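S.K.: Have a look at this one.
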Amino acid sequence: MIKRLFTLTIMMCILLVSSTLSFASSHHYYTSQKFSNGKTAKYVLLNLNATDISPAMGLANNKILAADSLQNIVNTRAIEGKKAFAAVNGTYFSAYNGVPVPYGTIIDKGKLLHIGNYGAVLGITKDKKLVIDNLNIEITGSIDGVENQYYTWGINHPRTEPDAIMIFTPDFASSTQMPDAQNVIVRNGKVSQKNSGNTAIPSDGFVISFNPSMHYLMERFNIGSTVDYTPEFRSTRENATEADYAVWKDVVYAVGAGPSLILNNTITADGTKEGFTEAKINTQRSQRSFVGYREDGRVIIGTVANASITELSQICKELNLKSAMNLDGGASSALLYNGSYKTNPGRNINNALIFFE
113 MIKRLFTLTI MMCILLVSST LSFASSHHYY TSQKFSNGKT AKYVLLNLNA
163 TDISPAMGLA NNKILAADSL QNIVNTRAIE GKKAFAAVNG TYFSAYNGVP
213 VPYGTIIDKG KLLHIGNYGA VLGITKDKKL VIDNLNIEIT GSIDGVENQY
263 YTWGINHPRT EPDAIMIFTP DFASSTQMPD AQNVIVRNGK VSQKNSGNTA
313 IPSDGFVISF NPSMHYLMER FNIGSTVDYT PEFRSTRENA TEADYAVWKD
363 VVYAVGAGPS LILNNTITAD GTKEGFTEAK INTQRSQRSF VGYREDGRVI
413 IGTVANASIT ELSQICKELN LKSAMNLDGG ASSALLYNGS YKTNPGRNIN
463 NALIFFE
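For this note's numbering, count along the sequence shown from 1 and bump the result up by 112.
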């Protein structure tokens, strides 16, 4: 009788675990877990140190100015010889005005696609080292090899302010969508044309757009001049060192959102301090998405329903995350594992963090 009872108990435990834990590989799994604050997280844990696992950023329709389902973003973003097994929605974006541009920093394949100098940014280096930090990115440009000849507010984001200067790459859309700007068109590293208004973005270059107050800078650019730009990465975190800045030169994939939840084993979770003003982000409970990593390099991406930033940081602490950050939430929150939604999004999104094997 005792032996039968013991066997039955073991079988029930196995069934209980299998109902919440989905194994697909020795390097990753999906599970749901209830935490001490009563909240339940759905998450994927993956070992980024595994040689066959690769990260990537995905964009809707492979463009900055677009929105699509998380599943379609995953299907569109391909790595030869690999298959996506997990994805989570990424940074905030303009979801309501029909112009779905992102707000946070995005780097894909080593290329800076967008800047958002607020909150926190997750970076993954070419050798798969991980960093989450408060980051400021500035862009300065050279003309004919002379540095600091111009600067820009950012990249791939139309602005209406009269003193705005922006760079647009082919990753944005077919045209700049800054109707009041004067533009320098650069192809193969040289100025090929100067014009005004909404202008086409060349596939082999970029456009620098100057709004009305900055039109006078156009005279610095001559047809045939060699033009380039360079981003500079600086941590805005207190007590940051030169080493904290240097790591970003090796980052090949990044997504910025926030606020940070944990930085270097210390709970942060202060949206106001990191530039957020909306109560739905800073204090209210909402559907949340998050990403973080442990000391050993294992990564967790996940979602939590009806949680505040403080509650989410507590969950990340219980998950033994060294650093973690909040991602876009609400109707954007989505988690995909092995082709199946574990958290269903309520709308199309702009971008996603994806993992392949």
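Heads up, the beta-carbon is just placed ideally off N, CA and C, and yes, glycines get one too. Quantities reported herein were computed from a predicted structural model and do not represent experimental measurements.
#1: Pairing CB atoms from the region 332 to 351 with CB atoms from the region 249 to 269, are three or more of them under 8 Å?
#2: Reducing DSSP to helix, strand and coil, say where Q396 ends up.
#3: Quick check on the burial criterion: 16 or more other C-beta atoms within 10 angstroms. Buried or exposed for V258?
#4: Based on the DSSP secondary-structure assignment, which residues constitute the bridge partners of Y453?
#5: Report the option in G441, S315, T455, Y142 whose CA atom is closest to the CA atom of L197.
#6: Taking Cβ to Cβ, would you say D340 is nearer than 8 Å to S254?
#7: Do the region 276 to 284 and the region 317 to 332 meet, that is, are 3 or more Cβ pairs less than 8 Å apart?
#8: Suppose the cutoff is 7 Å on Cβ atoms and the five residues either side in sequence are ignored; what does the same chain contact list for F118 look like?
#9: Examine the Cβ distances between the region 380 to 391 and the region 215 to 231 and report whether three or more of them are shorter than 8 Å.
#10: Which same chain residues end up closer than 6 Å to A417 when comparing Cβ atoms and leaving out the 5 residues on each side of it in sequence?
#11: Tell whether a beta-carbon distance below 8 Å holds between L171 and R410.
#12: Return the Cβ separation of P212 and H226 in integer angstroms, given the expectation that the two are a contact with Cβ distance under 8 Å.
#13: Round the Cβ separation of Y208 and I413 to the nearest angstrom and send it over; I've been treating them as touching at under 8 Å.
#14: In terms of alpha-carbon separation, which member of K429, W360, I393, E390 lies closest to R406?
#15: Looking at the secondary structure, which residues open and close the beta strand (DSSP E) in which N201 lies?
#16: Identify every residue that forms a DSSP beta bridge with T389.
#17: Using a Cβ-Cβ cutoff of less than 8 Å, which residues in the same chain neighbour N463 once the five nearest sequence positions on both sides are dropped?
#18: Specify, as a first and last residue, the run of the alpha helix (DSSP H) that T422 falls within.
#19: Within a Cβ cutoff of 6 Å, which residues of the same chain sit near F468, ignoring the five residues on either side of it in sequence?
#20: Less than 8 Å between C-beta atoms, sequence neighbours within five positions excluded: which residues of the same chain meet that for N161?
M.R.: Checking against the coordinates, here is how it stands:
#1: Yes: at least three Cβ pairs fall under 8 Å.
#2: Here Q396 sits in coil by DSSP.
#3: Exposed, by the Cβ-count rule.
#4: According to DSSP, which records beta bridges pairwise, Y453 is partnered with L448.
#5: Going by the sequence as given, residue 197 is Phe instead of Leu. Cα-wise, what sits closest to F197 is Y142.
#6: Yes. Within cutoff.
#7: Here the region 276 to 284 makes contact with the region 317 to 332; the two share three or more CB pairs at distances below 8 Å.
#8: At F118 the pLDDT is 46, less than 50, meaning the model places this residue with poor confidence; the figure from the coordinates comes in the next sentence. Answer for F118: no residue qualifies.
#9: When Cβ pairs closer than 8 Å are counted between the two stretches, the region 380 to 391 is seen to touch the region 215 to 231, the count reaching three or more.
#10: Here A417 has Q399 as same chain residues with Cβ atoms under 6 Å from its own Cβ, once five neighbours each way along the sequence are excluded.
#11: Contact: no.
#12: P212 to H226, Cβ: 12 Å. No contact.
#13: Not confirmed; about 25 Å, so no contact.
#14: When only C-alpha atoms are compared, the closest one is K429.
#15: Note, N201: beta strand (DSSP E), 196 to 201.
#16: Under DSSP, T389 takes part in no beta bridge, so it has no partner.
#17: These residues qualify, in order along the chain: M169, G170, L171, A172, I185, N201, G202, T203, F205, P214, I218, V367.
#18: Run containing T422: 421 to 430, per the alpha helix (DSSP H) assignment.
#19: Excluding residues within five positions, the ones whose Cβ falls inside 6 Å are S166, I191, K194, A196.
#20: Only residues of its own chain outside the window of five on either side were considered, and among them K240, D408, G409, R410 have a CB closer than 8 Å to the CB of N161, listed in chain order.
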